[in-house]
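Start counting the sequence shown at 54; every next residue gets the next number (the working numbering). Beta carbons: idealized from backbone N, C-alpha and C, even for Gly. Structure first, then comments.
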Amino acid sequence: MATATIYNIVDVLKAAFPTGAPLHTPVLDGNEQDYLNQCVESTYVSSVGKFVDQFEELFAKTVGAKHAVATCSGTAALHICLRLCEVKPDDEVLLPALTFVATANAVLHCGAIPHFVDVSQDTYGIDSHSLRNYLQSATKIIDNTCVNINTGRAIKAIVPVHVFGCTVDMDPVVEVAKEFHLKVIEDAAEALGSMYKDHHVGTLSDISAFSFNGNKIVTAGGGGAIVTNNEKLAKIAKHITTTAKISHPWEYIHDQQGFNYRMPNINAALACAQLERLDQFIKNKNFLYQQYLELFAPIPSASIFCAPDFCTPNHWLINLVLEDDIAPYQQELLENLCEQKIQARPPWRCLHKLDFLKSCPHMDLPVSEKLQGNTISLPSSSHQKLQLD
Ligand SMILES: *Cc1c(COP(=O)(O)O)cnc(C)c1O
C-alpha cells in the first residue's frame, strides 16, 4: 500500500515533468547581460564600482532596512554578523540542527561552538517552546550572561534560520532571546522576499545575513549581504569586510584585522539585474506552488507544505511532506525521481549527525530528525511550470 503511494507520487511528477526538471536554476533574462557589458566596458570589474553602491542601496530598500553591506558570500556575511555581536572564541551560539552547514561554519569561523536546538514542524524554523524549556533546564544566568551548565561556556547568541523561504515565528523567539540575554542574528539566506507579519525577514533582529549564491532566489553568481538598521554596526561591517583600510588618497593604512569579504562589482552588476526581478520571481513561484497544490490534492499520505498565516513566503523551495506511513520510503522515492531526471532533494542531513559536528552540544532534536526524513524539496525554479491535464 505504502509503496503503491510512492509510485503514485512518481507517476504524478513524471507526468508533470515529462523531460525531467532541475531543483532550482537561475533566470537571467532581464538586464543581466546589459549590466555585465556596462561593467566590463567600464573596466571596474573588481572591488569598487557603481554597481556595488547601487546594489547596496536597492537591497536596503527592498528589505526595508536602513543599511545593507554587500559581501562575497552569505557565509562571509554571517561570519561578520556574529563578530559584530561579539561572539568570541569558546562562546556557544544556538542554531537549528536543520539548516545548511554554512550556518554552523560561520560560528566555527569565529572560533565559537555551534549548539543545536530543535525546530517546529509548522515553520521548519526554531521552536520557541522547546527552546525556552531547554534553556530553563540547561543554562543559568550569571552576570547577565547565559551560561551552559554542562560546559560552563557562555551562550552569546541565537541564529534563527528562515529555511526554504518560510519564516521562523520570530516574536516568541526574540522574547526567549531577551529572557536569556542572547543576541539575535537572522540567517535569511533563503528567504529574500519573505514577510513575517508586516516585516521583511532580516529586519526582525539586530543584524542579519542574506546569500546570493547560484541556487538562491536572486543570484550574484556568488555573494551575500549584511542588513541592519544600526548605523554604527553598518559602518563597522563595511570597514572590516573591506580589509579595514583607512580612507586615504595613496597610503595603505589598516586600523585592525580585516577581511577581504567584499562583493566584486561584476557580481553586483548581475545582482542588480536579478533584484529588479524579485517580485516577478515570487509571483511565478507562487503560481508554481498553486500548481503543486492542485497536483497533490488527490494523493493520499502526501501534501505540499503550507506556511502559517503570519508568513508570506517567497516559495524558494516547495516541499512535499510525507505522512508516517510512507515516510520510511523517502529514499526510494528520491531514487526513483533521480532516475526520471527529476531533481528532488531531502532536507540537509541534521548537523548534529555530521561527523565533524557530532561532539557539539545539542538538545533532543526529534522534530528536526523527523522533518529530515519526511520532507522532499521539489523542482522550484521561478521559470518552472508543471504540465497539468
Ligand atoms: C546558502 C545558505 C547560506 C550560505 O550562503 P553562501 O552564499 O553559499 O555562503 C547560509 N545559510 C543558509 C540557510 C543557506 O541556505
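(1) Give me the DSSP bridge partner(s) of residue 78.
(2) On the CB-based measure, 16 or more other CB atoms within 10 Å of its CB, does residue 115 come out buried or exposed?
(3) Whole-angstrom Cβ separation of residue 171 and residue 416, contact assumed at under 8 Å?
(4) Thinking residue 247 and residue 364 are a contact (beta carbons under 8 Å), I'd like their distance in whole angstroms, please.
(5) Quick one: using the 10 Å Cβ neighbour count with 16 as the cut-off for buried, is residue 262 buried or exposed?
(6) Since residue 127 contacts residue 277 with CB under 8 Å, what's their CB separation in whole angstroms?
(7) Unbroken beta strand (DSSP E) runs of length 3 or more, entirely within the region 138-213: which are they?
(8) Where residue 133 and residue 356 are concerned, what is the direct C-alpha to C-alpha distance, given to the nearest angstrom?
(9) Looking at the structure shown, is residue 415 part of a helix, part of a strand, or coil, going by DSSP?
(10) With a 10 Å radius around its C-beta and 16 neighbouring C-beta atoms as the bar for buried, classify residue 92 as buried or exposed.
(11) Tell me whether residue 156 counts as near ligand 2, meaning its Cβ is closer than 7 Å to at least one heavy atom of that ligand.
(12) In angstroms with no decimal places, state the Cα-to-Cα distance between residue 326 and residue 377.
(13) Distance check for residue 160 and residue 230, CA to CA, integer angstroms please.
(14) Does DSSP put residue 263 in a helix, in a strand, or in coil?
(15) Quick check on the burial criterion: 16 or more other C-beta atoms within 10 angstroms. Buried or exposed for residue 178?
(16) Hey, could you find the ends of the alpha helix (DSSP H) residue 319 is sitting in?
(17) Where does the unbroken alpha helix (DSSP H) through residue 93 begin, and where does it stop?
(18) Please report how far the alpha carbon of residue 306 lies from the alpha carbon of residue 300, in whole angstroms.
(19) For a test of your reading of the model: does the CB of residue 430 fall under 7 Å from any non-hydrogen atom of ligand 1? Yes or no.
(20) Below 7 Å, is the gap between the Cβ of residue 266 and the nearest heavy atom of ligand 1?
(21) Compare the Cα-Cα distances from residue 395 to each of 422, 362, 430, 426 and report the closest residue.
(22) Checking 8 Å against the spacing of the C-beta atoms, do residue 320 and residue 274 come in under that value?
(23) Would you say residue 212 and residue 156 are within 8 Å of each other, going by their C-beta atoms?
(24) Go ahead and label residue 56 buried or exposed: buried means 16 or more other beta carbons lie within 10 angstroms of its beta carbon, across all protein chains shown.
So, to answer that:
(1) By 1-based counting over the sequence shown, the position of residue 78 is 25. DSSP output for residue 78 lists no bridge partner at all.
(2) Numbered from its first residue, the sequence shown carries residue 115 at position 62. Label assigned to residue 115: buried.
(3) Position 118 of the sequence shown, counted from the start, is the residue given in the question as residue 171. Position 363 of the sequence shown, counted from the start, is the residue given in the question as residue 416. Going by Cβ atoms, the distance from residue 171 to residue 416 rounds to 6 Å, so yes, they are a contact pair.
(4) Walking along the sequence shown from the start, residue 247 turns up at place 194. Walking along the sequence shown from the start, residue 364 turns up at place 311. The Cβ separation is near 7 Å, so the contact holds.
(5) Mapped onto the sequence shown, residue 262 falls at position 209. Classification of residue 262: buried, given that the 10 Å Cβ count is 16 or more.
(6) Looking up residue 127 in the sequence shown gives position 74. Looking up residue 277 in the sequence shown gives position 224. With 8 Å as the limit, residue 127 and residue 277 qualify as a contact, their Cβ atoms being about 4 Å apart.
(7) 145-149, 166-170, 192-195, 198-201, 207-211
(8) To locate residue 133, count along the sequence shown from 1; it is residue 80. To locate residue 356, count along the sequence shown from 1; it is residue 303. When rounded, the distance between both Cα atoms is 38 Å.
(9) Position 362 of the sequence shown, counted from the first residue, corresponds to residue 415. It is a strand residue.
(10) Here residue 92 corresponds to residue number 39 of the sequence shown, with the count starting at 1. Buried.
(11) Although ligand 2 was asked about, the structure shown includes only ligand 1 as ligands.
(12) Numbered from 1 along the sequence shown, position 273 holds the residue referred to as residue 326. Numbered from 1 along the sequence shown, position 324 holds the residue referred to as residue 377. Going from the Cα of residue 326 to the Cα of residue 377 covers about 43 Å.
(13) Stepping through the sequence shown from its first residue, residue 230 is reached at position 177. Stepping through the sequence shown from its first residue, residue 160 is reached at position 107. The straight-line gap from Cα to Cα measures roughly 18 Å.
(14) For the purposes of this step, residue 263 is taken as the residue at position 210 of the sequence shown. Correct three-state label for residue 263: strand.
(15) Taking the first residue of the sequence shown as 1, we reach residue 178 at position 125. Residue 178 comes out buried.
(16) Residue 319 sits at position 266 when you count from the first residue of the sequence shown. Where residue 319 is concerned, the enclosing alpha helix (DSSP H) stretches over 318-328.
(17) Numbered from its first residue, the sequence shown carries residue 93 at position 40. Here the alpha helix (DSSP H) through residue 93 covers 85-95.
(18) Your numbering for residue 306 matches position 253 in the sequence shown. Your numbering for residue 300 matches position 247 in the sequence shown. Straight-line Cα distance between these residues: approximately 8 Å.
(19) As a working note, residue 430 is residue 377 in the sequence shown. Outside the cutoff, so no.
(20) As a position in the sequence shown, residue 266 is number 213, starting the count at 1. Yes; taking the cut-off as 7 Å, the Cβ of residue 266 has a heavy atom of ligand 1 nearer than that.
(21) For this step, residue 395 is matched to residue 342 along the sequence shown. With distances taken between Cα atoms, residue 395 lies closest to 430.
(22) Locating residue 320 in the sequence shown gives position 267, where the first residue counts as 1. Locating residue 274 in the sequence shown gives position 221, where the first residue counts as 1. In contact: residue 320 and residue 274 (Cβ atoms closer than 8 Å).
(23) By 1-based counting over the sequence shown, the position of residue 212 is 159. By 1-based counting over the sequence shown, the position of residue 156 is 103. Yes, these two residues count as a Cβ contact at 8 Å.
(24) Along the sequence shown, read from residue 1 onward, the residue named residue 56 stands at position 3. Exposed is the call here.
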